[in-house]
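Residue numbers (the numbering used here), protein chains in the order written: chain A, 1 to 321; chain B, 322 to 665. Positions of the beta carbon are idealized from the N, C-alpha and C atoms, including for glycine. Just so you know, these numbers come straight off a predicted model, no measurement behind them. Here the structure is laid out as structure tokens; the discussion comes afterwards.
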Ligand code: SF4
Ligand code: SF4
Ligand code: SF4
Ligand code: SF4
Ligand code: SF4
């Protein structure tokens with residue numbers, strides 16, 4: 001199996017980095033405590049690196065931890081995580097020389113919620129879920145079912161432009177063969193765009209009524225690195241810190257503006273949301289707008305100035321009315 | 322009163338009878354996630370789905386945001402108005418045993434420590450109709466905390482799935498009163514009782530996650546100063562509020578005023594000791610470092626609460642394990658802690 005080889009190589013490289021004192025920490029993935037899940041492994045211990053894994057469920061964007069850890073860090077990065085790391089370097093949050101990027105060419109991550117929807121069972125009731133080229137094989141009650149990968153990968157993976165890391169120290173495998181499906185990736189947004197304005201408003205009212213202000217969307221987002229967030233400011237108070245739908249909506253609108261040009265469409269905010277608010281319909285729309293208007297893609301060039309900190313005289317302004 | 326039973330086909334009629342008297346809540350997936358919602362008079366989809374909700378039913382008694390009072394400046398003083406309470410009687414249908422247990426745990430704070438004027442009236446006006454889980458998740462560990470997926474200890478009336486029917490047990494007077502309010506219930510036979518007993522035993526075995534809670538309070542006490550242990554445990558936590566806000570036994574809240582000219586409203590809303598800004602309002606957060614916050618959460622449930630109230634403030638519902646976006650797992654944490662303390 002390809003993942004096994006990548007995994008073996010990762011363990012060797014990670015161990016060497018720690019042994020040679022080139023990094024203080026390794027951040028990667030290990031097996032999680034629930035069926036199919038993986039969980040971040042953050043370790044200084046060279047024996048723990050044997051727990052590192054690579055599989056179709058390594059979903060977290062580990063760059064989230066970089067701003068918190070002191071010292072040099074070896075980090076496992078998929079395509080989108082890799083861009084988040086570069087974006088953090090652009091924003092002076094992380095120094096390039098402090099990270100050793102262990103790049104993983106990413107074939108797309110399996111969205112277990114989609115699998116659950118397709119087979120009508122929860123993840124802990126499934127025998128097995130495996131990736132086989134452009135297919136995903138799900139075993140339920142001993143019976144194998146095959147689905148095209150494009151039906152079970154995360155929406156953001158389907159829209160991924162750079163699954164293979166561009167900025168790395170070590171690339172753990174050859175380039176990835178992701179089955180992209182741009183239309184499927186924007187399906188939620190297309191549906192919203194097709195709605196009359198009023199209906200769209202009702203839609204968001206309903207969705208944001210569920211928000212409990214756990215701030216997981218913000219905490220998990222590598223682009224949300226502010227030590228003090230506007231949400232908690234009290235003078236002036238931008239929004240009420242209570243979960244009412246209007247304030248919840250404004251929270252996301254402002255968060256979106258703050259991450260514009262930093263968001264790499266890693267999809268973590270939507271995945272983390274415990275009450276399933278389709279946050280990516282906002283972040284992906286912003287991602288595309290940034291691209292269309294400014295021809296800017298987050299985290300592509302560590303030397304480039306961050307979008308929101310600079311301007312050019314040729315920048316479009318006809319949308320300002 | 323002897324136990325009764327109800328055919329699943331007649332469940333909507335039973336709920337209909339009760340809804341004449343009560344505002345009725347059921348576990349529902351209507352609003353995009355599993356949570357308790359007001360019954361619409363027909364939905365019985367809960368019959369095909371016997372698992373945990375994402376939002377715990379504590380939200381009915383202690384909502385994510387709640388008005389405490391409104392105020393109006395009146396020359397030199399303030400005129401205060403309390404929110405009107407209609408004293409509406411409520412019935413929660415299909416509450417799971419661990420969530421009912423969580424309410425008993427919350428009572429220690431909201432009833433025994435002080436009398437919370439928002440939580441208590443709702444609690445008093447509500448009857449709990451329990452429904453046992455038949456398919457526990459791999460995150461569930463209620464059996465390690467003295468519970469079981471079919472435990473009737475904290476509800477008024479308990480339903481157990483016995484195939485085409487539910488066995489209905491009256492647990493309290495309130496519950497037995499409910500039984501007499503509907504003609505849909507039939508007498509249970511001895512065979513029904515046997516089947517219910519078998520189901521209970523079988524479901525108990527389906528909870529596979531185990532946690533050793535023996536002497537856990539003392540062990541936590543001796544682990545308290547082991548900083549590197551807690552740093553290791555906390556490393557992957559991202560300090561969001563999921564595990565606490567969605568925990569059925571967490572009760573922390575924040576208070577905010579909203580002022581427009583001379584009028585205002587005071588709200589309370591769910592808060593979490595995981596947040597770096599927790600308790601920033603009155604003073605500073607004494608737990609700036611993440612490991613201290615994670616330690617507090619674990620210790621509050623497994624050490625401080627037992628010290629104060631003789632009961633662990635965790636029901637093993639597994640929400641914190643399943644909903645955590647980084648799969649931080651309280652059972653693994655406690656295992657790691659115990660191993661460390663034992664090895665010295
Ligand atoms: S806003 Fe969401 S999709 Fe964008 S970088 Fe942050 S977590 Fe990822
Ligand atoms: S993760 Fe979801 S529920 Fe939590 S604050 Fe963000 S939008 Fe609200
Ligand atoms: S343990 Fe998980 S759910 Fe709880 S605060 Fe940490 S990251 Fe959030
Ligand atoms: S664990 Fe934290 S949030 Fe929960 S009740 Fe205790 S202090 Fe409050
Ligand atoms: S600590 Fe976790 S398992 Fe225990 S009651 Fe709270 S959410 Fe449930």
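query	result
Out of A:65, A:27, A:83, which one is the CA nearest neighbour of residue 297 (chain A)?	A:83
Helix, strand or coil: which one does DSSP assign to residue 345 (chain B)?	strand
Give the list of continuous alpha helix (DSSP H) stretches no shorter than 4 residues that lie fully inside the stretch 507 to 578 of chain B.	511 to 527, 537 to 544, 548 to 555, 563 to 566
Would you report the Cα separation of residue 473 (chain B) and residue 418 (chain B), rounded to the nearest angstrom?	7 Å
Which chain B residues sit within Cβ distance under 7 Å of residue 215 (chain A)?	561, 562
Report the neighbours of residue 78 (chain A) on chain B: residues whose CB is nearer than 8 Å to its CB, in chain order.	The contacting residues do not exist; residue 78 (chain A) stays about 16 Å from chain B at best.
Can you check whether the C-beta of residue 242 (chain A) is within less than 8 Å of a C-beta belonging to chain B?	yes
From residue 649 (chain B) to residue 641 (chain B), what distance separates their C-alpha atoms?	8 Å
Within 10 Å of its beta-carbon, does residue 65 (chain A) have 16 or more other beta-carbons around it, so buried, or fewer, so exposed?	buried
Determine which residues of the stretch 341 to 355 of chain B have a Cβ less than 9 Å from any Cβ of chain A, and write them out in chain order.	352, 353, 354
Evaluate the contact criterion for the stretch 408 to 418 of chain B versus the stretch 330 to 350 of chain B: three or more CB pairs, one atom per stretch, below 8 Å.	yes
Inspect the CB distances between the stretch 169 to 187 of chain A and the stretch 203 to 216 of chain A and report whether three or more fall short of 8 Å.	no
At least one CB of chain B closer than 8 Å to the CB of residue 325 (chain A): is that the case?	Outside the modelled stretch of chain A, which goes from 1 to 321, sits residue 325 (chain A), for which no answer is possible.
Cβ closer than 7 Å: which chain B residues qualify as neighbours of residue 205 (chain A)?	Within chain B, no residue comes near residue 205 (chain A); the closest Cβ sits about 12 Å away, beyond 7 Å.
At a threshold of 7 Å, does residue 638 (chain B) count as lining ligand 5 (C-beta to nearest heavy atom)?	yes
Please classify residue 90 (chain A) as buried or exposed, where buried requires at least 16 neighbouring CB atoms within 10 angstroms.	buried
What separation, rounded to the nearest whole angstrom, lies between the Cα atoms of residue 480 (chain B) and residue 527 (chain B)?	18 Å
How would you list, in chain order, the residues of chain A whose beta-carbon sits under 9 Å from the beta-carbon of residue 659 (chain B)?	Residues of chain A passing the Cβ test: none, with the nearest at roughly 16 Å.
Residue 656 (chain B) versus chain A: which residues are under 8 Å apart at the beta carbon?	Chain A residues near residue 656 (chain B): none, gap ~10 Å exceeds 8 Å.
Please work out which residues of its chain come closer than 8 Å, Cβ to Cβ, to residue 559 (chain B), disregarding the five sequence neighbours upstream and downstream, and give them in chain order.	646, 647
If we count the other Cβ atoms within 10 Å of its Cβ and call it buried at 16 or more, is residue 4 (chain A) buried or exposed?	exposed
Can you pull the chain A residues whose beta carbon is under 9 Å from the beta carbon of residue 587 (chain B), in chain order?	Here the premise fails: no neighbours, minimum Cβ distance about 11 Å.
Could you give the residue range of the beta strand (DSSP E) that holds residue 138 (chain A)?	135 to 140
Below 8 Å on the Cβ atoms is my contact criterion, and I expect residue 260 (chain A) with residue 195 (chain A) to pass it. Report the Cβ-Cβ distance as a whole number of Å.	So it is not a contact: roughly 23 Å between Cβ atoms.
Given 7 Å as the limit, tell me if residue 635 (chain B) has its C-beta closer than that to any heavy atom belonging to ligand 4.	no
When you measure from the CB of residue 187 (chain A) to every non-hydrogen atom of ligand 5, does any distance come out below 7 Å?	no
What in chain A is Cβ-close to residue 591 (chain B), meaning under 7 Å?	212
Would you give the residue range spanned by the beta strand (DSSP E) that residue 400 (chain B) belongs to?	398 to 402
Taking 6 Å as the limit between beta carbons, can you name the residues of its chain near residue 605 (chain B), skipping five residues before and five after?	none
Comparing the CB of residue 572 (chain B) with every heavy atom of ligand 4, is any distance shorter than 7 Å?	yes
Between which two residues does the alpha helix (DSSP H) harbouring residue 150 (chain A) extend?	149 to 152
Would you list the residues sitting across from residue 490 (chain B) in a DSSP beta bridge?	B:479
Counting contacts by CB-CB distance shorter than 8 Å, is residue 556 (chain B) in contact with chain A?	yes
Ligand 1 heavy atoms versus the CB of residue 275 (chain A): any closer than 7 Å?	no
Report yes or no: do the stretch 272 to 288 of chain A and the stretch 214 to 233 of chain A share at least 3 C-beta pairs separated by less than 8 Å?	yes
Say yes only if the C-beta of residue 287 (chain A) is nearer than 7 Å to one or more non-hydrogen atoms of ligand 2, and no if none qualify.	no
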